[in-house]
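Chemist:
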Amino acid sequence: ADRLNQAIYRHAPPKTFWEPAPAAAAEAVRDEGLEAESISSPSPFEPPFREVAATGDGVWTPIPDAVRPGDAPVLWRSAVHPDPRRVFAAIAVVAIDLGRVDLRLVAGTKEPFSPDVPAERRPGLVPEGHAGELIAAFNGGFKAMHGHYGMMLDGDTFLPPRDRACTIALYRGGAVRIRTWPELRADEARMAAYRQTPPCLVEQGELHHALYDSNRDWGATVSGETVIRRSALGVDATGKLLFYGLGEAVTARTLAQGMKAAGAHDVAELDVNHAYPRFLLYGRGEGGEGPRARSALIPDVQFKPE
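Residues 1 to 306 (UniProt numbering) are what the sequence shown spells out, left to right.
#1: Near residue 139, which residues of its chain fall below 7 Å by C-beta distance, leaving aside the five closest residues on each side in sequence?
#2: Should residue 31 go down as buried or exposed, given a rule of 16 or more other Cβ atoms within 10 Å for buried?
#3: Using only CA atoms, which one of 160, 54, 177 and 161 lies nearest to residue 168?
#4: If you draw a straight line from the C-alpha of residue 143 to the C-alpha of residue 151, how long is it?
#5: Rounded to whole angstroms, what's the CA-CA distance from residue 240 to residue 98? Just pull it up for me.
#6: Check whether the segment 41-52 and the segment 115-123 touch, using three or more Cβ-Cβ pairs below 8 Å as the test.
#7: Helix or strand or just coil, what does DSSP make of residue 293?
#8: Could you tell me whether the segment 287-298 touches the segment 208-215, where touching means 3 or more Cβ pairs closer than 8 Å?
#9: When you compare only the Cα positions, how much space is there between residue 202 and residue 78?
#10: To which residues of the same chain is residue 183 closer than 7 Å at the C-beta, ignoring the five residues directly before and after it?
#11: Let me know the secondary structure DSSP gives residue 76 once reduced to three states.
#12: So which of 300, 256 and 96 has the shortest CA-CA distance to residue 83?
#13: Considering residue 128, what are the terminal residues of the alpha helix (DSSP H) in which it resides?
#14: Kindly indicate the opening and closing residues of the beta strand (DSSP E) around residue 196.
#15: Express the C-alpha separation of residue 96 and residue 62 in angstroms, rounding to a whole number.
#16: Could you pull out every residue in the same chain whose Cβ sits closer than 6 Å to the Cβ of residue 307, ignoring the five residues on either side in sequence?
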């Protein structure tokens with residue numbers, strides 16, 4: 001499929017997920033990113049490969065908050081084309097202000113599978129006390145059978161941590177760190193939750209040494225295809241900005257390159273393949289009830305509003 005796509009799209013324009021912001025608005029966002037430090041606006045970034053870049057790559061535009069439309073933005077989106085051989089490879093990236101947004105982990109009703117955590121401890125729902133504050137939700141990591149990567153939430157250990165795994169650690173004070181487990185082990189008592197994934201795509205600004213296109217350690221289709229839909233989570237070097245990336249037709253390496261270009265210093269891969277990665281934006285339903293999923297970050301993502 002990848003070879004066919006390369007032939008079909010050889011002379012096509014770069015893939016886009018949305019209409020780029022008007023030039024004047026884009027320039028205003030660039031200026032805001034440089035001057036409005038009070039809202040931690042992300043800095044614009046240089047597209048890694050100009051020959052496949054689309055208009056608007058590297059420019060952050062605010063994502064409107066349907067819950068608090070009058071507030072300063074806490075989410076921004078941009079796009080990056082991380083593969084000079086594939087104009088159809090693109091990553092939609094969301095930057096999240098961790099100074100004003102809390103990242104919380106919710107266990108699925110079945111995954112990751114664990115015989116040690118009873119069903120009543122994993123309802124698969126956003127806790128009622130936080131539902132009114134929900135602005136977005138995104139997918140987690142692999143199923144338990146695909147790597148047996150560790151997870152802990154509120155003292156419940158679903159699966160024990162693995163030393164080789166990349167670990168997204170959520171601290172009780174709100175901080176988020178992403179590192180290989182031995183780098184975080186000493187902090188475990190201060191963590192509210194952690195979720196492990198395959199080895200870090202990027203750690204301390206360096207791409208993993210085994211990120212070659214045919215390596216299936218970071219997931220593939222049943223047929224072995226590695227140029228697929230993938231997702232990732234990263235943090236910048238300051239720990240103040242969180243980055244979620246959803247990539248189409250990317251390898252683990254090009255996903256890593258795109259996330260690093262956008263500003264991520266440490267990056268963990270989340271779920272992969274077409275049906276699983278998704279980033280949904282939430283708002284109030286009719287009559288003020290909520291929350292309700294109102295839109296997806298990119299097209300061709302199915303979801304239910306409930």
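A virtual CB, placed ideally from N, CA and C, is assigned to each residue, including glycine.
Modeler: The relevant details are as follows:
#1: As a working note, residue 139 is residue 139 in the sequence shown. The answer, listed in chain order, is 231, 270, 271, 276, 277 and 278.
#2: Counting from 1 along the sequence shown, the entry for residue 31 is found at position 31. A caution first: residue 31 carries a pLDDT of 47, below 50, which makes its placement in the model too unreliable to give a value.
#3: One-based indexing of the sequence shown puts residue 168 at position 168. When only C-alpha atoms are compared, the closest one is 177.
#4: In the sequence shown, counting from the first residue as 1, residue 143 sits at position 143. In the sequence shown, counting from the first residue as 1, residue 151 sits at position 151. So the alpha carbons of these two residues sit roughly 11 Å apart.
#5: Locating residue 240 in the sequence shown gives position 240, counting from the first residue. Locating residue 98 in the sequence shown gives position 98, counting from the first residue. Straight-line Cα distance between these residues: approximately 5 Å.
#6: no
#7: Mapped onto the sequence shown, residue 293 falls at position 293. Three-state result, residue 293: strand.
#8: no
#9: Taking the sequence shown and counting its residues from 1, the one referred to as residue 202 is at position 202. Taking the sequence shown and counting its residues from 1, the one referred to as residue 78 is at position 78. Distance between the alpha carbons of residue 202 and residue 78: 19 Å.
#10: Residue mapping note: residue 183 aligns to position 183 of the sequence shown, counting from 1. Result list for residue 183: empty, nothing under 7 Å.
#11: The residue labelled residue 76 in the question sits at position 76 within the sequence shown. Note: residue 76 maps to strand in three-state DSSP.
#12: Position 83 of the sequence shown, counting from 1, holds the residue named residue 83. Checked all of 300, 256 and 96; the closest Cα to residue 83 is 256.
#13: Position 128 of the sequence shown holds residue 128. Where residue 128 is concerned, the enclosing alpha helix (DSSP H) stretches over 128-131.
#14: Against the sequence shown, residue 196 aligns to sequence position 196. Per DSSP, residue 196 belongs to the beta strand (DSSP E) from 191-197.
#15: On the sequence shown, residue 62 is found 62 positions in, with the first residue counted as 1. On the sequence shown, residue 96 is found 96 positions in, with the first residue counted as 1. For residue 62 and residue 96, the distance between alpha carbons rounds to 10 Å.
#16: Residue numbering for the chain in the displayed model covers 1 to 306; residue 307 lies beyond these limits and cannot be assessed.
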